[in-house]
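Inspection log for the structure reproduced underneath, given as structure tokens.
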Ligand SMILES: NC(=O)c1ccc[n+]([C@@H]2O[C@H](COP(=O)([O-])OP(=O)(O)OC[C@H]3O[C@@H](n4cnc5c(N)ncnc54)[C@H](OP(=O)(O)O)[C@@H]3O)[C@@H](O)[C@H]2O)c1
Ligand SMILES: NC(=O)c1ccc[n+]([C@@H]2O[C@H](COP(=O)([O-])OP(=O)(O)OC[C@H]3O[C@@H](n4cnc5c(N)ncnc54)[C@H](OP(=O)(O)O)[C@@H]3O)[C@@H](O)[C@H]2O)c1
Ligand SMILES: NC(=O)c1ccc[n+]([C@@H]2O[C@H](COP(=O)([O-])OP(=O)(O)OC[C@H]3O[C@@H](n4cnc5c(N)ncnc54)[C@H](O)[C@@H]3O)[C@@H](O)[C@H]2O)c1
Ligand SMILES: NC(=O)c1ccc[n+]([C@@H]2O[C@H](COP(=O)([O-])OP(=O)(O)OC[C@H]3O[C@@H](n4cnc5c(N)ncnc54)[C@H](O)[C@@H]3O)[C@@H](O)[C@H]2O)c1
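Protein chains in written order, with the numbering used here: chain F, 95 to 187; chain Z, 95 to 187; chain V, 18 to 384; chain B, 18 to 384; chain R, 19 to 489; chain E, 19 to 489.
Given below as structure tokens:
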């Protein structure tokens, strides 16, 4: 377990660095779209929800999961769509 | 094991991304120093060598390890030192 | 309301008080305009242009005598006074102080005369400020004169026949004319430096990319109104000494120092001129008011071992087309200010009217 | 070797063949230099400067008669020919073609005369090219003349008295003088366009930030040497028509069109002038060679309803100081080329010597 | 199967990272979106096909519902985008919270039956973090959305009261404390209740957090909530031991954090202030929303405004001359026109200190005459102008000239900079101009100041276009 | 203990990443070095203190030896730095290779005694990769170092022979093939021998790889070897199952790779060509080393050169005028002088097409007269000039004028641009100038071309200074 916890922490740290690096370089023009796409990505919680709702768990749990799944799904869909919409509006150069 | 292999791969990918990101942004002025410092860092093989030489292994193995350790140590020392030397030579602004 | 524009009769005055373009604008403003035949020709505005703009061509008598307001550049000629309609109005640009007799005549004729040189330099009046507009022309022309008079090219040129260094231009007095001179000389590629007693000017000179010559002046040489004061005797001495040094390596000196209503201050003594390079040129814009150089003689060029000193008069008139354009717009703006629904409004509480009105209802208000 | 510098005697020639600075350089080069008293004064080079530079002041007789080479600007005056040392050498800048009689005299006197206007325009000779150096001065001065003659300011000015649009300057013929004129007019803030028959010129005009007027010219108007050819009659007609249109909205036209050794081409007909704005100005640099404008009269200003046409002569002489500087350096360079260890090297295989030598050993080589 | 999920996880992660990288550049940005979608799909599918997943109907249903709600949400007018984003943060938080709760109860349930996944302290800690972050993000984002949407029963203006900090911190502290307790005794009899309490406190804290924050700061706060959402995902990852969750969450969390910091800098607000709501002293920027004060813009911000503008009018004054900034102005002119922005110069008759002062300088800098427009011609165009850039001009753009009889400039026609949609003004200080009177233009709602020497400011501005930053 | 190493690993990794990040900026670069050192120390100590480590004497000895050799190595003259770097790559490779071998034999040894760490296919694969990469890096780097140091018995110039590619690839392929075999049957009786063969082939390949590469490409190759060294570390990491090794290795590998690519672009060489040595057709840039051809520089490279220079002389010509690049030139002048570089303009008497052509333009761009220097004054200074920047000048800097009697420009004094330490020349094409003759200046060893319209090139150049890239 510890080992696993370790690698988890490792992964966490590394991803954080990547996240920081990426943003530092982004044009201010793109901040809003960026926020909405990261927001969509953070909806990765969907994975968790699927497990909860899909596995053979007591009903209550599954309902919680379903709601969660629904919520994150909304995020994903609207998040990506709106990002794309914003980007469409950039001047073509 | 697989899980472990997985997280290893994970770590590898992530670090690669970081490596790429870091360099992309570096001023061309710093390429040479950068090369020598990454070179020094890659001498992290030292960790491996220590295990090989230090643990209770047959003599032959340990000798191999000792040579390895010596080699990487040289790297570390000269690598860092020379990097610093180069940097010292930058114009003060 | 009927406006008359006579032909200027003063010697080498080529400007005209209204240009066809402005005539057109005034017409729209409801004025009726009569112009003396040939009034604009010296400034390249043919009569045809005036008629096209809606003016009627008339004889001098009409332009002076049969109108409500006569617009002109120079003061009325003494000979003409009698030809103006009694009680009529005249707008011109002249120093009442310089010809008291004339002013009295004008008063006797019950003329309401305005002189635009008396305009207060307030923001509201900027649109009517003939001194500024004409000084702009003068400052520009002064540089052309100097450039033609000097033996050198102003810009630096690196050529197969060797390198010609840029000429050094020194501008004394950086008011409207001075600043314009600085800008023009810089345009031609000269190395320009300037001097003035008003501290505010330093920044303005630098704002044109020129160098401001620093001289420690103890006293405060600026009036509340932002004009220059006369300097105390010893500060003036200091200034003379300072400038005598400064003019030494100048190829061109353009002087525009003036103190409103006063004789122009002397900035360059004969001795200082002796110190200058042969081939150097002094263009003294203050010639009219006595000149900034001791040796200046208004209207003529004098040469003192190799240094030529010019005191040109009425420079704006030498660029009559544009000078008239600006003058006309100034006058029109002034007209718009003093005329209210078809009537002159002689409201002397109004600073502009009060300051500019020289004679009214038979009395002399300024002299 | 002994060099003589006489005072120029030609009417309104203010230049001098050597300046003190160049005298100094030649001294170092081992030459001995004698200068006629007052030779440089008209160009603001006092005698004192020459002596300081190491020259000896002498009488005209000596400067002409008692030297190996006489350096001057204008051709020897007929009256002077006899005063030159027989077999001596003279370097000047004149068109032999324009005075065959004089050239014969020079030959009879066994003088070796070089005319720098005959220099081939090859890279090696750029340092001696008086045509270029003097045309540079002319092009610059032409703009000053035009700017003074027009009724307008060249730059655009937005002022309280309205906006003065920038003046439109058209330069015809963009050789050395033309390009310099373009540059100078641009400096003063004018809107400049130019035209020339040589296609290569387009890029050069644009390289000065000016607009090149396009006219489809079928024939190839450029010689191998990069000079302009005379145009065929009908192309010339086309050009005239084209330019008649172009000059319409110009405030200033500066013409410098020339074809080496030929009469200057007519570019502006009297009719075209009629089409121009009153107040417009034409400065015709080609006046000496007949003028680019039909109405041009060399040396005088004529006004054709509002349009004034100037044909100034010898402009370089009006900026004598710098013009002399450049001329002197050109001459010195030339001297350096023709003199080898104290002797003239009359090596006619050398293009420069061959092209410039007008008379030698009693015979006329160019006329 | 295990391997599949491992690999898919790696794949998805890589795709997410590419997505973010591509977002760096408008040219590749949309590719970024695609990458994101693909990554997400892979993640979903890979999880879905795991053997233990059996209730496919449920999943389908939930996903369908997600689409039904999500699509309209993505079509809101752009003005409503902030609310939209806030709302979806709320969803994100909710999801995290719920899953956390579910996990906990699962564990409780199976706990008796030893079938439970072992619950280490670390894990329990992560779980609590997940729940707290999730729920506070949920309510917090809802509040934010509400405020932005100006829902009536939510106070728009920041609500502050004495001791607010104490209360807020208190609530958070209690929640944290309880969490610790649970971590130590995950299976204590009281644990279940405590869990609810924690959740409740988190929800409450979310509300308290937003109440004191003013409209001006909302964008920043939203991006912070974004970060929170990300962190909760990370926590979930630790709980479910899913690297994918951790990575994606971390990416979101860290980028969200930086983003908020950048935003704060841009609006020069203290990050900590925003982070902890209205803690500490009153907040300038918030005030800015209400009464008239000098608002500052960063060069980055200004560059952004300018390059997104369709028409820009540059109004030079004496300040440009003093700074000798004409060449920098010209550079800016080039940079903008190159980007297809229409740039004009509005020259006031008395701008500067001599007639034609601006002309001399702009001609020197080679600005084409055709780009210079007189006051009378430009004024009618000002209302359609996106950005008016005032470079060291003051009196000539002072609206007081229109009505303030008392002032010396009364009656002088001015350039109607104030009519432009946005005004950027460059000057060194708050000092008046030649006429010595204050200029309300600088404190209008649509005006932003760029303080500093015109030459310096403009060259910074130009650099913005040079640098890779903006394309 | 386990935890300690876990945490220390994370810590070290973080430090390494910071180190690299800080290397982005000369200001923070040295801090980066410190971070690197600390990280390394932590890593070493953390491993050292593990209980299984017992032979401390040995370690001490080896480390001491490392210092003894390392310090002198770090004091080589800067000219020798490339060799130095190559050499240390060799060491790195060696270390990796040896450890790999050790691991393998350990496993073999313990294999009988089941005490062995289980050897998965994956692991064995990694091990082989480690050994191959390690050893080829070793010999390859040695070769490179040798070539650079111009050791006599190593041919400096690229050695190529027909079928080279086949041979090289062959060797590599065989090694790879054997590796696969071993992965499938780690404990086959022949495995031990095969292992040696693989190692041998790797060593051989390293040599073959470098033989065909010319001096010009060495820097690139070195940085590729650097990447290889990193990858071998990664492989080791997989074998020893140490995340630290993997991360550090990956950082090194990836950055090394990018670095090489960037370098290739800078010298416009095909990356793949370099990567696989002389494979495929002959290589332009290599030739560049030997005979005279046009070498191109990137704007980044140029910017770098300029900003590191102490003195820069700009030589404008007709091209600057045609491009109307004077204002961009002025910007560059500002940017450089602001950075403390001494910049002068060398004006040739006949530069351009009319007397004073350059003066008109430079005056318009407000270059101070004091910065303009005449030919006769500047020429004596040229040999001490670090960079001569030729902007659209040709004939006036054509050395042919000195000796080529046949050419029209013979005898014309020129600006001795060719005497400067480095020459950067801006022009659009390889066309001659006014006089229509070729100009050898452009193909001198110390000359680098920047092809393109002067205005465009210079504004790109100026951007380099604007952008964060260079400080
Ligand atoms: N044009 C003429 O002929 C003429 C003649 C005489 C008087 N005037 C008067 O001058 C005024 C002209 O109006 P204006 O708007 O052009 O000028 P202004 O009203 O004097 O305003 C200039 C502004 O520029 C700012 N500034 C000064 N130096 C600066 C620098 N280095 N960098 C950035 N900003 C700088 C100043 O603010 P900070 O100090 O805060 O930087 C000031 O607010 C009018 O009142 C006009 O009546 C004009
Ligand atoms: N100064 C005078 O009075 C005068 C008068 C007449 C003749 N000349 C002659 O003109 C020559 C002057 O020498 P120079 O070196 O100044 O000019 P040059 O020898 O003509 O060379 C100009 C160079 O600039 C390049 N170029 C042209 N347009 C460009 C653009 N837009 N961007 C970048 N590069 C551009 C051209 O190469 P690409 O085409 O490849 O771009 C050309 O090699 C001398 O031979 C001189 O004798 C001078
Ligand atoms: N010759 C012409 O055709 C013509 C045309 C217009 C103006 N002018 C003359 O040009 C001059 C300037 O006109 P303006 O409109 O610029 O006036 P202005 O008042 O704007 O400028 C005069 C400047 O002189 C400065 N000054 C005063 N005393 C000084 C001293 N002792 N030393 C240095 N500077 C001093 C003042 O500070 C002021 O800046 C006036 O004399 C005016 O009559 C001549
Ligand atoms: N007035 C003076 O004091 C003075 C001084 C120097 C030169 N100049 C005269 O100035 C003129 C130009 O001198 P330059 O050195 O520049 O000569 P140049 O040969 O360099 O330039 C003459 C230009 O005219 C162009 N041209 C020829 N025919 C043309 C036509 N039909 N249409 C348009 N362009 C045509 C040629 O292409 C060439 O570019 C010459 O006439 C010269 O005598 C006068």
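Using N, Cα and C, we set each Cβ at its ideal position, and we do this for glycine too. Note that the structure is predicted; figures quoted are calculated from it, not measured.
DSSP state of residue i mapped onto helix, strand, coil
i                     : result
residue 322 (chain B) : coil
residue 377 (chain V) : strand
residue 267 (chain B) : coil
residue 171 (chain E) : coil
Check: residue i C-beta below 7 Å from any heavy atom of ligand 1
i                     : result
residue 370 (chain R) : yes
residue 340 (chain R) : yes
Proximal residues of chain B, C-beta to C-beta of residue i below 7 Å
i                     : result
residue 157 (chain V) : 170
Residue i at chain V interface by Cβ criterion, 8 Å
i                     : result
residue 429 (chain R) : yes
residue 383 (chain R) : no
Contacts of residue i in chain Z (Cβ-Cβ under 8 Å)
i                     : result
residue 264 (chain E) : 102, 105, 106, 109
Any non-hydrogen atom of ligand 3 within 7 Å of residue i CB
i                     : result
residue 240 (chain V) : no
residue 213 (chain V) : yes
Chain-ordered chain E contacts of residue i [CB-CB under 7 Å]
i                     : result
residue 167 (chain V) : Going along chain E, no residue has its Cβ under 7 Å from residue 167 (chain V), so there is no contact; the nearest lies around 17 Å.
Partner residues on chain Z for residue i, Cβ-Cβ distance less than 7 Å
i                    : result
residue 34 (chain E) : 135
Residues that residue i bridges to, as DSSP identifies them
i                     : result
residue 212 (chain B) : B:189
residue 334 (chain E) : E:409
Residue i: CB within 7 Å of a non-hydrogen atom of ligand 2
i                     : result
residue 345 (chain E) : no
residue 446 (chain E) : yes
Beta carbon proximity, residue i to chain B, threshold 8 Å
i                     : result
residue 177 (chain V) : yes
residue 339 (chain V) : yes
Neighbour flag for residue i against chain R, beta carbons, 8 Å
i                     : result
residue 348 (chain E) : yes
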